[in-house]
Structure formats: structure tokens, C-alpha cells
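Chains A and B, in that order, give the protein sequences.
Here the first sequence stands for residues 1 to 269, where the numbers follow our numbering.
Here the second sequence stands for residues 1001 to 1170, where the numbers follow our numbering.
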Amino acid sequence: MNKIFLIAFLFIHLNAFSQELFVFTEPASNMPAKSIGIRDMNALMYEKDGKLNYHNMPELMWGINKKWMVHAQGFISNRQEGGFEVEGGSFYAKYRFFSEDDIQSHFRMALYGRYSFNRADIHQQEIETMGHNSGYEAGFIATKLIHKVAISSSISYERALDNKPNYTFPPTESNSAMNYTFSVGKLMLPKVYTSYNQMNVNLMIELLGQRLNDNKKSYLDIGPSVQFIINSQARIDIGYRQQLYSTMERTAPNGMIFKLEYLFFNAFR
Amino acid sequence: MKKIVILTVLFFVAVIGNAQISKAELTATGLTCSMCSKATYKQLMSIAEVEKVEPDLNNTAFIIYFKNGSAANISDIKSKVEDAGFSVGELVVTFNFNNQQAENNSSFTINNSTYTFMDTKSATLNGDKKVKILDKGYIVEKEYKQISKMIEKYPSYATNSKNVYHIKVL
């Protein structure tokens, strides 16, 4: 019951809070058509025994047209013994199927899918196809922008497969889950625009939850972050992910996220 | 017969009219942030006929200047804004007219685009005149619904065909 109050409290307070470029989730909006984006996500996650896991996830993004965009991503980490290793990769596609624009506002809906492969050991009940599990995810996102505030929510189905070649998914564990996210963000600076060179500062807060389908175990995390937009083209995100509660086994739920992104407009004409 | 006469007259008006687009003032919708504005700016700059784009970030507006004597096509503006991920909320185009007769439901054609006057006072147009594009996709949805109510007076408005525009002289 306390959890519900905490969530309600957060929602009420955070509605005052970002823009639609979230740190822990993707918005329903797409990147510009014919553009290329590069992104490097760095996560420093604390293991329970005090060890610090470093995950590096370089990503290439392509806006094919106004409706479709695709990502290809690699997963590198030092979580396993033996230091840094390329553990896997993923392909992601997003299709924006609904878009309604008005003056400084919009409402968008999109469907997305991800297929990931990973050869690391399977070490927790949480299913995470971003850097831990081989598997796939299919989901729906809705994003609403009202002037300087963006609100986004998503729901997805995630299914874990064997981490080939060495690790089969434990048959006693739930191999599928539903994920829920809720994000709010606000453009804090500048108050008034004068040029594309001004630095923009966005603040956001995100809630990330998962429920395993077979054993009903779940978790909920909170992810506050600050985002700097430089030259209207580069993005620096600094975020922290903190578990609010969990009934499932997770080895390193809490930690820092540091993300860099650069957009090449009109890479293809 | 009467129709043929009218069409012939319109044809000549079109040819004699000889209007040219020099500038377009665009308000894009669906965005606030500077990254979104820059994406739109870059898309607009990629139109071959565009000489210069002046962005107004606070109003998500852009003034688009076309190269002298170029055959600017306003549908390019719409498709580029949509490629950036947004929509056209308002498009006001500056035509340089030369003895153009403005009459509701009459049309002129330049660069394979036909422009039909709508909700405009009859006049002979000369020099730079601003006209607002009233077609779907060039105005916000609410305004489109309003204008659609005038459809009986302007039957061609319902057709929504490519390269056929309805304009109001401002």
C-alpha cells in the first residue's frame, strides 16, 4: 500500500517536471528522416557484493522515413570474469503509426520490436534484452508533448531465449515478462531561445517496471536524469537508476547511466 | 460551351498572371525543442530552390527565402517538415503578382501548381502579396474543420488533390 502512495506522490509531483528525449526509454517520436544518429550508453551498475559492472552499449540509429527508424547496438561489459568482452548485440525497429500535431504540442503512438543476442551467463530472474538476455521484445509507446513538458508511457512483452552457445535459459524460471514505463520530462533551460547554439537543459524522471509472467514476481525502478543538448545536435545524459522494490532476483539493479548522442542531419538526401 | 470559355479564360489568366514565389513563412507544429527545430531547419535547407531559412525558435516558425527565378514547389516544404517528424501549422507564401485577377473560385497555374482563390476580396493583384495556403496539411486540424464548412461555396476544396492549392489573400 505504501508503494502505491509513493508512486502516486511521485506522479503528482513530477508532472511539474522534460522534453521528449528520454534517457531510460524511447519516445513514440522518431528521429528525422534520412538522418543518422550515434549513441554511446555507459552504465555503471553496483553488484550486491560491491563489485562495479561497467556496460558499454554503442548504438547506430537511422531514420529511414518519417514513420520508420532502426537501431543496431552492441553490448560490451566487464561483468563476467576475464575483463571486457563483447557479449552481444541487438536490432531495434520503431514504427510511428499515429501522429497528431498542434502548436507546440503533439500526441504520438508507436510500435517497436527488438531482437537481441547475448552469450553471457544468465545470472538473474530479471529479463533484460538490453545487454543481458538473448531474446525479443515487442511494445507500444504513447507520447504527449505539451509545450515544454513531455509525458510518455510504454508497455511491452519481453521474452528471453537461450544465451547461446553456452547458457540455456533455466526451465524453472519465467522466460517472459511484461514491462511498463512512465516518463515525464521538462525543458528547463533556456527560458527563451535565441539560437541553435544555446545549451538546453532537460530534467526528467522515469519509472520502469517489470512483471514476470510465470511467477508474478516484479520490480519497480525510478530513474531521475538530467540532459544537456549542445548545439541542438548533441546530447549528454546523466541518470541514476534506483530500485524502489523488487520481489525477483536481480544482481545489479542500481547504478549510474552516462549517455552520449550525436545526430547527423540529412546524412542521406 | 460556357465551361470551355471559362477554362480558356482561366488558362490565359494563368499564363498572363506570371506570378512568382519569393518567400514562405512557415509555422511548424508538434515541436518545442531546439533539436526538433534544427532538424526542421536542416530539412528545409535541403530543398534545392531554397536560398536561406531564418528560424524563429520560440514560435517554431521559419522564413524560407527562395532563389531568384527558381520554380519553388510548396509541397516540398510540407514533405520536408514531415520528414523532420512534424507538421505544417501555417504557411503564408509571398507571391510576386503581375496583373493577377483575384476572384473567388478562379485559379492560376505556375510551375505545374494550380492556386484557387478562396475567401478573398475581388481585386487585381500586383507586386508582393502574402497568401495563406488553406488546404489540409497546411493548416492546423481545427482550422481545417472550420474551412471545410465553406465547402458548398468552394467545391474544389474537397478534392484535396496534389498540386492544387486554395489560397486566401491576406
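Every residue gets a Cβ at the ideal spot worked out from N, C-alpha and C, and that includes glycine.
All of these numbers come straight from a predicted model, not from anything done at the bench.
Query	Result
Buried versus exposed, by CB contacts within 10 Å (16 or more), Asn1163(B)	exposed
The alpha helix (DSSP H) enclosing Ala1039(B), as first and last residue numbers	1034-1045
Which listed residue (Ser1037(B), Lys1129(B), Met1150(B), Tyr1154(B)) has its alpha carbon closest to that of Val1088(B)	Ser1037(B)
Contact set between Asn1058(B) and chain A, taken where Cβ atoms lie within less than 8 Å	Val192, Tyr193
Same chain only: Cβ atoms within 8 Å of Leu14(A), ignoring 5 sequence neighbours per side	Model confidence at Leu14(A) stands at a pLDDT of 37, short of 50, so the residue's coordinates are unreliable and nothing is read from them.
Closest Cα partner of Phe1117(B) within the set Leu1057(B), Leu1134(B), Glu1141(B)	Leu1134(B)
Three or more C-beta pairs below 8 Å linking the region 248-255 of chain A and the region 1048-1062 of chain B	no
Within 8 Å, strictly: CB atoms of Tyr115(A) and Ser90(A)	yes
Ser1113(B) and Tyr1065(B) closer than 8 Å at C-beta	no
Status (buried if at least 16 other CB within 10 Å, exposed otherwise) for Val86(A)	exposed
Simplified DSSP state of Glu249(A), which is helix, strand or coil	coil
Partner residues on chain B for Tyr196(A), Cβ-Cβ distance less than 8 Å	Ser1034, Ser1037, Lys1038, Tyr1041, Pro1055, Leu1057
Beta-carbon proximity of Gly139(A) to Ser154(A), cut-off 8 Å	yes
Contacts of Ala1084(B) in chain A (Cβ-Cβ under 7 Å)	Pro32
Per-residue DSSP class, three states only, for Pro1155(B)	helix
Cβ contact (3+ pairs, closer than 8 Å) linking the region 1117-1133 of chain B and the region 1097-1105 of chain B	yes
Contact list for the region 93-104 of chain A against chain B, Cβ threshold 9 Å	Arg96, Ser99, Glu100, Asp101, Asp102, Ile103, Gln104
Nearest-angstrom Cβ-Cβ length linking Asp1128(B) and Thr1094(B), presumed shorter than 8 Å	5 Å
Whether Leu1091(B) touches Tyr1138(B) by CB criterion (8 Å)	yes
CB contact below 8 Å: Val1009(B) versus chain A	Low local confidence applies: a pLDDT of 48 at Val1009(B) is under 50, so the model's placement there is unreliable, and no value is given.
Whole runs of the beta strand (DSSP E) within the region 112-175 of chain A, excluding any shorter than 3 residues	135-146, 149-160
Any chain A beta carbon closer than 8 Å to Ser1087(B)	yes
Burial state of Lys1142(B), where buried means 16 or more other Cβ atoms lie within 10 Å	exposed
Complete beta strand (DSSP E) runs within the region 1117-1144 of chain B (minimum length 3 residues, chain order)	1123-1133
8 Å Cβ cutoff, Gly1137(B) in contact with chain A	no
Own chain partners of Lys94(A) with C-beta closer than 6 Å, once the 5 adjacent residues on each side are dropped	Met69, Ala110, Tyr112
C-beta neighbour in chain B for Ser232(A), strict 8 Å	yes
Asp101(A) and Gly1030(B) closer than 8 Å at C-beta	yes
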